[in-house]
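Enquirer:
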Amino acid sequence: MAEAAIETTRLRGTTSRLCLTAESDALRKKALAALFDFGNKRSVSTTMNFRLRGFELPSEALILLSFVVLIAAGTLVLSLPACHAGPRLPLVDTLFTITSAACVTGLVVADTGTHFTRLGQAVIVLVIQLGGLGIITLSSFFAILMGKRMPLKQQDIVRQTYSSLDPRSFRLLVGRIVLFTLGIEAIGALILFFVWRKEFPLGLAVWQSLFHAVSAFCNAGFSLFRTNMIAYQTNAVVTLTIAFLIILGGIGFLVIYDLERLLRYRNCRLSLHSKLALLTSTFLIVGGTAVFFLLERENVLKGLGFPHQILVSFFQAVVPRTAGFNSIDYAKVTASTMVFTMLLMFIGGSPGSTAGGVKTTTLALFLANAYSLSRGQTSTNILNRTVPDKSVNEARAVILVAITLMLIFNFTLQWTETGFTPHQQAPASFIETSFETVSAFATVGLSAGLTPKLTTWGKIQIILLMLIGRVGPLTVAVMIARTQRGVTQFEYYRENVMVG
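In the numbering used here, the protein residues as written are 16 to 515.
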């Protein structure tokens with residue numbers, strides 16, 4: 016505590032010299048204090064309980080409940096005959112589609128552009144927007160517009176959802192998130208409109224542009240084109256617009272706020288979180304582009320000119336983290352590309368964004384901790400900062416829980432899809448089910464063609480995995496652990512165990 020107080024005093028002085036903003040001293044102190052607990056967006060100690068008819072619901076449960084309600088309501092509406100251009104989908108397929116939209120995944124069992132009417136497509140894109148931003152965030156925004164005060168519980172949930180350390184008012188936080196989202200989507204839609212106005216009637220061009228802009232920024236991957244983005248793989252304007260919408264949606268609102276502050280106030284510095292998110296994302300995009308090009312230059316990229324090969328490689332390095340658009344057919348890529356894409360999907364985007372996966376900063380902390388341990392250091396140091404053990408332990412827990420979940424679901428999916436069939440004759444190979452499992456957990460939406468062929472039980476498993484992946488594996492684990500009430504914290508005699 017004494018060391019923390021000394022460090023807080025030092026940082027207070029440094030920050031006051033670096034950032035000459037209009038914030039009050041009290042708010043600045045609050046932000047500086049939060050730096051010592053950075054990354055603890057799911058901290059049990061900061062979660063307030065919500066009492067509903069005698070039951071106590073923590074923030075984690077309310078976040079999960081909001082998605083369940085959204086999925087249930089969306090399924091009921093999408094089941095209406097007016098939403099279908101032909102025969103209605105079975106209930107499980109409708110539930111699958113809405114869950115994929117709410118969890119901004121993009122896995123589909125029916126073609127969105129031809130099977131659903133304009134009303135059905137509107138329901139899907141509305142659910143994507145609600146799932147991307149969060150019902151609680153949007154409801155807070157509209158309540159603020161009407162002049163209502165938000166309960167502290169609701170404010171806590173929004174801050175957890177977006178990993179916010181913004182010391183300013185809750186109203187400003189929610190307003191910035193919603194307005195930034197709608198503004199970027201509008202700009203993206205406008206750019207796409209100028210391209211598609213030449214190909215489609217005016218009304219259809221407007222609708223196509225809006226739908227794909229929302230789907231891209233929310234990292235959903237839903238497309239109204241039967242072949243997704245394959246027809247536009249060499250169109251630089253469409254490809255780059257979709258790619259940068261995905262990047263902006265997946266980088267996290269805290270990073271966007273930090274970058275804005277850096278541009279406005281020349282002497283301000285990026286937080287450690289923003290540095291890790293930006294560095295890791297840049298490395299994955301650049302490295303992913305190079306690896307995809309090397310693996311596919313004699314396969315799906317063959318026949319394209321070199322600039323178009325780089326363009327397609329760049330797009331396919333961006334979309335697995337975690338949008339689900341595709342400008343190539345994944346049923347035709349090499350096995351090495353499938354494995355590499357699964358790695359990108361597993362990592363995902365950054366915390367506090369619309370992306371899924373274990374997150375870039377989680378990977379950075381995990382690798383930094385491994386490096387520090389290999390050098391005999393007892394603390395995790397990265398970019399001239401020491402990361403609290405609590406954040407490091409959370410990073411380990413997220414990766415461990417994620418791997419465990421994917422192994423379990425991959426095993427059960429193999430069983431439901433192949434049964435007693437010998438593996439050489441199985442309708443779904445191990446790499447196909449693995450690809451589907453990772454894609455669902457990381458809320459990506461890429462598929463090697465297995466999704467429409469899934470059995471009913473297989474679809475139910477993917478539905479559950481998409482929901483877990485969207486809410487977050489650690490959130491689910493914490494929520495389950497909370498059911499263990501009255502557990503006494505204690506330790507036994509410590510004894511070493513050999514590992515490795």
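Just so it is clear, CB atoms sit at the ideal spot from N, CA and C, and this is done for glycine as well.
Helix, strand or coil for I397, going by three-state DSSP, please let me know.
Expert: Translated into the one-based positions of the sequence shown, residue 397 becomes position 382. Strand at I397.
Enquirer: Run through the DSSP bridge pairs and tell me what S402 is partnered with.
Expert: Start at 1 with the first residue of the sequence shown, and residue 402 comes out as number 387. With the sequence shown as reference, residue 402 is identified as Val, and Ser is not the correct amino acid for it. According to DSSP, which records beta bridges pairwise, V402 is partnered with T395.
Enquirer: Looking at L148 and T369, is the spacing between their C-beta atoms short of 9 Å?
Expert: Start at 1 with the first residue of the sequence shown, and residue 369 comes out as number 354. Start at 1 with the first residue of the sequence shown, and residue 148 comes out as number 133. Taking 9 Å as the Cβ cut-off, T369 and L148 qualify as a contacting pair.
Enquirer: Below 8 Å, can you find three or more Cβ-Cβ pairs linking the stretch 107-124 to the stretch 73-91?
Expert: Yes: the two stretches touch, three or more of their Cβ pairs being nearer than 8 Å.
Enquirer: Which stretch, first to last residue, makes up the alpha helix (DSSP H) that contains D108?
Expert: Taking the sequence shown and counting its residues from 1, one reaches residue 108 at position 93. Here the alpha helix (DSSP H) through D108 covers L106 to A117.
Enquirer: Where does F381 sit, in a helix, a strand or coil, going by DSSP?
Expert: Here the question's residue 381 lines up with position 366 in the sequence shown. Residue state, collapsed to three classes: helix.
Enquirer: How many whole angstroms separate the CB atoms of A417 and L291, which I take to be in contact at a CB cut-off of 8 Å?
Expert: Counting from 1 along the sequence shown, the entry for residue 417 is found at position 402. Counting from 1 along the sequence shown, the entry for residue 291 is found at position 276. At roughly 18 Å, the Cβ-Cβ gap does not stay under 8 Å, so A417 and L291 are not in contact.
Enquirer: Taking the C-alpha atoms as reference points, what is the distance between M513 and L388?
Expert: In the sequence shown, counting from the first residue as 1, residue 513 sits at position 498. In the sequence shown, counting from the first residue as 1, residue 388 sits at position 373. Their backbone Cα atoms lie some 15 Å apart in a straight line.
Enquirer: If you count every other CB in all the chains shown that lies within 10 Å of the CB of E313, and 16 or more means buried, which is it?
Expert: Within the sequence shown, numbered from 1, the residue matching residue 313 stands at position 298. Exposed is the call here.
Enquirer: In its own chain, which residues sit with a C-beta less than 6 Å from the C-beta of I206, not counting the 5 before and 5 after it?
Expert: Here the question's residue 206 lines up with position 191 in the sequence shown. Closer than 6 Å at the Cβ level, and outside the excluded window around I206, lie T256.
Enquirer: Residue ranges of each beta strand (DSSP E) run of no fewer than 3 residues wholly in the stretch 409-472, ordered along the chain?
Expert: DSSP runs (the beta strand (DSSP E)) wholly in the stretch 409-472: none.
Enquirer: The alpha helix (DSSP H) spanning M353 covers which residue range?
Expert: Along the sequence shown, read from residue 1 onward, the residue named residue 353 stands at position 338. It spans A350 to I362 - the alpha helix (DSSP H) in which M353 sits, taken as one unbroken run.
Enquirer: In the DSSP output, which residue or residues are listed as bridge partners for H99?
Expert: Here residue 99 is taken as the residue at index 84 of the sequence shown, counted from 1. The partner list for H99 (beta bridge, DSSP) reads F131.
Enquirer: Counting Cβ pairs, one atom from each stretch, are 3 or more of them under 8 Å apart for the stretch 295-302 and the stretch 227-239?
Expert: No: fewer than three Cβ pairs fall under 8 Å.
Enquirer: Could you name the residues of the same chain whose beta carbon sits closer than 6 Å to that of L263, not counting the 5 residues immediately before and after it, in chain order?
Expert: Start at 1 with the first residue of the sequence shown, and residue 263 comes out as number 248. If we look at L263 and ignore the five residues flanking it on each side, its Cβ neighbours are I199.
Enquirer: If you measure between the beta carbons of A410 and Q429, is that distance less than 9 Å?
Expert: If you number the sequence shown from 1, residue 410 lands on position 395. If you number the sequence shown from 1, residue 429 lands on position 414. No, the pair does not count as a contact, with Cβ atoms beyond the cut-off.
Enquirer: Over the uninterrupted alpha helix (DSSP H) stretch that includes V514, give me the two end residues.
Expert: Against the sequence shown, residue 514 aligns to sequence position 499. It is not in any alpha helix (DSSP H) - V514 carries neither H nor E in the DSSP assignment.
Enquirer: Quick test of the definition: if touching needs 3 or more C-beta pairs under 8 Å, does the stretch 233-253 touch the stretch 458-467?
Expert: Contact holds: three or more Cβ-Cβ distances are below 8 Å.
Enquirer: Does DSSP put T90 in a helix, in a strand, or in coil?
Expert: Position 75 of the sequence shown, counted from the first residue, corresponds to residue 90. Helix, per DSSP.
Enquirer: Can you find the residues in the same chain that come closer than 8 Å, C-beta to C-beta, to T427, ignoring five residues on each side of it along the sequence?
Expert: Walking along the sequence shown from the start, residue 427 turns up at place 412. Closer than 8 Å at the Cβ level, and outside the excluded window around T427, lie Q476.
Enquirer: Any idea what DSSP makes of L293, helix, strand or coil?
Expert: Taking the first residue of the sequence shown as 1, we reach residue 293 at position 278. It is helical.
Enquirer: Using DSSP with H/G/I as helix, E/B as strand and the rest coil, what is Q331?
Expert: Locating residue 331 in the sequence shown gives position 316, counting from the first residue. Helix.
Enquirer: Using three-state DSSP, classify R284 as helix, strand or coil.
Expert: Here residue 284 refers to the residue found at position 269 when the sequence shown is read from its first residue. Looking at R284 - three-state DSSP - the assignment turns out to be coil, as it is neither helix nor strand.
Enquirer: According to the neighbour-count rule (16 or more other Cβ atoms, all chains shown, within 10 Å of its Cβ), is Q136 buried or exposed?
Expert: Along the sequence shown, one-based indexing puts residue 136 at 121. When all chains shown are included, Q136 counts as buried.
Enquirer: Under the three-state reduction of DSSP, which class applies to L319: helix, strand or coil?
Expert: Taking the first residue of the sequence shown as position 1, residue 319 is located at position 304. Residue state, collapsed to three classes: coil.
Enquirer: If I follow the unbroken alpha helix (DSSP H) through A246, where does it start and stop?
Expert: The count along the sequence shown starts at 1 and reaches residue 246 at position 231. Counting along the chain, A246 falls outside any alpha helix (DSSP H), and DSSP gives it neither H nor E.
Enquirer: Excluding the 5 residues preceding and the 5 following F195 in the sequence, name in chain order all residues of the same chain whose CB lies nearer than 8 Å to its CB.
Expert: Within the sequence shown, numbered from 1, the residue matching residue 195 stands at position 180. So the qualifying residues of the chain are F268 and I271.
Enquirer: Are the stretch 400-415 and the stretch 444-455 in contact at 8 Å, needing three or more beta carbon pairs?
Expert: Not touching, per the Cβ criterion.
Enquirer: Contact between the stretch 279-289 and the stretch 209-225: three or more CB pairs below 8 Å?
Expert: The stretch 279-289, when compared against the stretch 209-225, does not touch it at the 8 Å Cβ threshold.
Enquirer: Is DSSP giving A228 helix, strand or coil here?
Expert: In the sequence shown, the residue the question calls residue 228 occupies position 213. Looking at A228 - three-state DSSP - the assignment turns out to be helix.
Enquirer: For V84, which three-state DSSP category applies?
Expert: To locate residue 84, count along the sequence shown from 1; it is residue 69. Note: V84 maps to helix in three-state DSSP.
Enquirer: Roughly how many angstroms lie between the CA atoms of S351 and I300, to the nearest whole one?
Expert: Position 336 of the sequence shown, counted from the start, is the residue given in the question as residue 351. Position 285 of the sequence shown, counted from the start, is the residue given in the question as residue 300. When rounded, the distance between both Cα atoms is 18 Å.
Enquirer: Rounded to whole angstroms, what's the CA-CA distance from S60 to W472? Just pull it up for me.
Expert: By 1-based counting over the sequence shown, the position of residue 60 is 45. By 1-based counting over the sequence shown, the position of residue 472 is 457. Bear in mind that the predicted position of S60 carries a pLDDT of just 35, short of 50, making it unreliable; the figure below should be weighed with that in mind. Cα to Cα, the separation comes out at about 38 Å.
Enquirer: Please confirm whether G432 and L480 have their CB atoms less than 9 Å apart.
Expert: Start at 1 with the first residue of the sequence shown, and residue 432 comes out as number 417. Start at 1 with the first residue of the sequence shown, and residue 480 comes out as number 465. Sequence check: residue 432 is Glu here, not Gly. No. Outside cutoff.
Enquirer: Please identify the residue among A125, L415, V210 and L145 whose C-alpha is closest to the C-alpha of A117.
Expert: Sequence index remark: in the sequence shown, residue 117 carries index 102 (1-based). Of A125, L415, V210 and L145, the residue nearest in Cα terms is L145.
Enquirer: For the alpha helix (DSSP H) containing L278, list its first residue and its last residue.
Expert: Taking the sequence shown and counting its residues from 1, one reaches residue 278 at position 263. F268 to R279 is the span of the alpha helix (DSSP H), which, as asked, contains L278.
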